[in-house]
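Step one of this worksheet: look at the structure below.
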Amino acid sequence: MLFSENILVALAGLRANIMRSLLTMLGIIIGIASVIAIMTVGNSITVMVNETMQGLGANNIQMGINYKPQEEDVSESGMDFGDGYMRAVTDEDLISQDMLDAFQEKYKDKIQYILLEERVANSTVTIGKNSANIQIVGYNKDNIDFMDIDMVDGRKFLARDYADAKNVCMVSDKFVERLYDGDTSKALGTMVDVPINGDYHSYYIVGVYEYVPDQFSFGDANNPTTTFYLPLSTAREETHNQGKGYEWLTLVTTIDTDNDSFSEEVRDYFNMTFYAKNDAFEIQVINMESMMDSMNTMINTIQLALSVIAGISLVVGGIGVMNIMLVSITERTKEIGTRKALGATNGSIRLQFITESVVICVIGGIIGIILGIALGSLAMKVMGYQAAISVSSIVIAVGFSMAIGIFFGYYPANKAAQLNPIDALRYE
Amino acid sequence: MSQELMLDLRDIHKSFFIGTPNEFEVLHGLNFTVNKGEFVSIVGQSGSGKSTLMNIIGALDRPTAGEYNLDGVDIEKAKDNELSAIRNKKIGFVFQTYNLIARTTALKNVELPMMYAGVGRGEREERAKHLLEEVGMSDRMMHKPDELSGGQKQRVAIARAMANDPAIILADEPTGALDSATGRLIMDIFHRLHEEQGKTIVLITHSPELSKETQRIITLKDGTITGESTGNWSGLNRKEEA
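Sequence lines, in order, name chains A and B.
Just so you know, our numbering puts 387 at position 379 of the first sequence, and the rest follows in order with no gaps.
Just so you know, our numbering puts 161 at position 137 of the second sequence, and the rest follows in order with no gaps.
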């Protein structure tokens with residue numbers, strides 16, 4: 009077939025002028041490599057962000073109290089803290105347990121869990137020469153159930169632990185490994201003394217869960233900061249918040265709930281029912297799904313903008329290819345004349361040179377893809393994240409370099425095809 | 025022997041720069057025919073218009089006026105792509121400067137016209153090998169042009185001219201760049217093609233010496249045919265016997 013012959017002829021031509029071919033390809037290589045590198049980095053970040061958010065729960069709705077917008081106080085500069093109108097949060101502004109009970113009753117078919125959490129402190133527990141870093145957090149029952157923790161030994165909290173604010177805790181197997189030689193039976197039932205803000209507090213270990221390191225935990229891998237779970241009520245006693253409301257919380261909806269519309273429903277319900285008379289605060293609702301969407305859109309936009317800039321070098325590369333094709337055609341005028349004398353039609357001459365230009369661009373493109381993936385992966389490695397190669401960008405890059413080959417090869421090829429065979433044959 | 029016409033040129037005119045003040049006519053109404061199986065030479069000094077005539081015979085160019093019939097096809101009416109097909113199938117070119125395609129092997133060079141004719145790969149290669157064998161180049165089929173001597177290149181070029189079994193072979197000063205011994209060898213190949221295969225050959229040359237080897241000599245001067253004579257070639261076999 010003529011086409012495969014053309015490819016062989018083109019490859020022979022490239023081999024004959026290796027240095028020139030490489031320099032010609034360089035523009036394409038750099039262009040494709042930078043686009044691919046940007047795509048790889050962007051893709052990796054998107055995957056990472058999505059995984060993180062997925063981990064936080066994609067069908068979660070975050071809600072909390074926030075200042076009411078006070079339009080009359082916004083000055084021309086756009087930023088004004090309202091000349092003292094912004095008062096501090098008082099206990100009356102918080103989301104109370106009564107509100108939550110009423111809310112849950114009203115929307116019980118849409119709400120799966122209401123996640124409440126009380127962060128107490130970070131601490132280090134020391135027994136003898138051994139120590140373990142912990143983060144002390146109080147969770148309500150919904151939150152513990154939702155977390156889906158794998159227990160290694162012992163039990164989770166019981167209803168009365170939550171109700172009576174019992175001094176019980178769940179620790180990680182890492183914690184047991186560091187302080188109790190990994191013997192869970194030794195740890196269970198013992199009282200552990202935890203320094204919190206200078207005072208020692210004692211808790212019974214009732215359960216040991218399996219610690220799963222996540223990629224965002226910093227610090228010593230041998231002594232990671234693991235979570236030290238308390239019942240929510242116990243934790244709120246430590247922070248002197250017992251009986252008070254909550255500044256923010258997380259709703260987990262049932263699977264068939266449309267989070268976008270439900271978020272608005274929740275906001276309107278709270279603001280109309282409980283916050284209509286509040287002078288300074290209202291409820292703000294953040295839907296994780298839409299947040300994820302806007303985050304992805306943002307990353308994609310940045311990625312696209314950078315790719316377009318990198319794409320400019322592709323155009324420059326394409327012009328380089330066109331230039332070298334014109335030189336090559338001038339050099340091979342006599343060959344073109346000979347081919348025409350032997351029966352080549354204008355079309356077959358055109359096809360020959362377009363093929364040649366496409367071959368240059370595709371080889372450049374492939375080298376560029378390899379280089380781009382290497383660069384992108386390296387960048388992600390430096391940042392300490394997993395590189396996610398975007399397959400679609402590779403397909404697009406190959407297609408795009410072909411298109412460049414055709415676009416910038418067409419003019420020279422057409423020029424070759426239009427050569428008068430007599431003039432071409434006589435050319436020296 | 026039946027006198028079937030291979031080339032029939034009537035009142036061929038060719039002008040350049042038509043419609044400009046520099047317009048001038050190179051060929052002033054040529055009339056001649058070439059019979060099938062004839063070995064004819066066209067002789068003329070440089071400037072006589074023989075290159076222009078060769079371009080017209082070779083279907084590389086169209087006459088400004090006149091009729092040209094090649095093996096039953098009206099050339100002056102053919103479109104560009106039809107001219108390509110005519111050059112491909114009916115004419116075998118042999119050039120003074122060989123014009124082999126650099127960077128490809130002798131075999132691929134011979135295959136080239138067949139490729140443009142759409143002959144399949146296997147058949148192409150088989151025929152190309154056979155043709156190279158006929159010109160005594162079977163041991164250098166895989167060599168590239170720059171690895172061949174002038175005589176070898178011209179033999180490859182002749183094999184290439186024969187690729188699509190053309191109606192005529194059009195040879196433009198085929199020995200012009202060769203020493204006399206090699207030139208002799210090339211001329212003998214033409215004689216063999218003519219005598220053994222009955223090929224119609226048109227030889228274009230400035231050398232009256234060389235033209236005497238052909239059956240008929242057409243002399244061109246200042247764009248007109250000034251004479252026709254017969255050559256004195258005794259035949260390849262008879263020469264060898266002598």
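Every residue gets a Cβ at the ideal spot worked out from N, C-alpha and C, and that includes glycine.
As the structure is a prediction and not an experimental result, all values here were calculated from the model.
- Not flagged as an interface residue toward chain B: residue 424/A, since no C-beta distance is shorter than 7 Å.
- Nearest to residue 16/A by alpha-carbon distance, out of 183/A, 374/A, 363/A, is 363/A.
- Beta-carbon to beta-carbon, residue 195/A and residue 176/A are separated by about 13 Å, too far to satisfy the 8 Å threshold.
- For residue 126/A, the enclosing beta strand (DSSP E) begins and ends at 125-135.
- Interface criterion not met: the Cβ of residue 198/B is under 7 Å from no Cβ in chain A.
- In this structure, the beta-carbon distance from residue 54/B to residue 249/B falls below 7 Å.
- Here DSSP, grouped into helix, strand and coil, assigns residue 268/A to helix.
- Residue state for residue 173/B is assigned as coil, using DSSP reduced to three classes.
- Of 160/B, 133/B, 145/B, the smallest CA-CA separation from residue 170/B is found for 133/B.
- Residue-level contact by beta carbon holds for residue 349/A and chain B, with a gap shorter than 7 Å.
- For residue 244/A, the enclosing alpha helix (DSSP H) has its first and last residue at 240-246.
- Within the segment 323-357 of chain A, 340, 342, 343, 345, 346, 347, 348, 349, 350, 351, 352, 353, 354, 355, 356 place their CB atoms closer than 9 Å to a CB of chain B, listed in sequence order.
- Assignment of residue 93/B by DSSP, reduced to helix, strand and coil, places it in the strand class.
- In this chain, residue 201/B is not harboured by any alpha helix (DSSP H), its DSSP state being neither H nor E.
- Close partners of residue 13/A in chain B (Cβ separation under 8 Å): 139.
- For a Cβ distance threshold of 7 Å, nothing in chain A lies close to residue 72/B: the least Cβ distance comes to about 17 Å.
- DSSP places residue 139/B in the uninterrupted alpha helix (DSSP H) bounded by 130-141.
- Following the DSSP letters along the chain, one finds residue 200/A inside the beta strand (DSSP E) bounded by residues 199-204.
- Listed by position along chain A, the residues whose Cβ is nearer than 7 Å to that of residue 136/B are 350.
- Interface residue (Cβ-Cβ distance to chain A less than 7 Å): residue 85/B is classified as such.
- Rounded to the nearest whole angstrom, the C-alpha separation of residue 130/A and residue 32/A is 60 Å.
- Under the Cβ distance rule, residue 44/A does not count among the residues neighbouring chain B, no pair being separated by less than 7 Å.
- Contact annotation: the segment 93-108 of chain A touches the segment 281-294 of chain A, with at least three C-beta pairs closer than 8 Å.
- Minimum Cα-Cα distance from residue 38/B among the listed residues 30/B, 47/B, 31/B, 32/B corresponds to 47/B.
- Ranked by Cα distance from residue 75/B, the options 97/B, 62/B, 119/B, 209/B are led by 119/B.
- According to the DSSP assignment, residue 240/B belongs to no alpha helix (DSSP H) but to the beta strand (DSSP E) extending over 240-245.
- A straight line joining the alpha-carbon of residue 213/A with that of residue 266/A spans about 40 Å.
- For the pair residue 182/A and residue 366/A, the Cα-to-Cα distance works out to about 59 Å.
- Per DSSP, the continuous alpha helix (DSSP H) segment holding residue 418/A begins and ends at 399-426.
- Judged by DSSP in its simplified three-state form, residue 219/A adopts coil rather than helix or strand.
- The C-alpha of residue 298/A lies about 30 Å from the C-alpha of residue 96/A.
- Residue 51/B holds the alpha-carbon nearest to the alpha-carbon of residue 71/B among 85/B, 59/B, 51/B.
- For residue 41/B, there is no enclosing beta strand (DSSP E), as DSSP marks it with neither H nor E.
- Three or more beta-carbon pairs drawn from the segment 299-311 of chain A and the segment 40-50 of chain A are found closer than 8 Å, and the two stretches are therefore classed as touching.
- By the Cβ rule, the segment 104-118 of chain A does not count as touching the segment 312-329 of chain A, because fewer than three pairs are nearer than 8 Å.
- Annotated three-state conformation of residue 37/A is helix, per DSSP.
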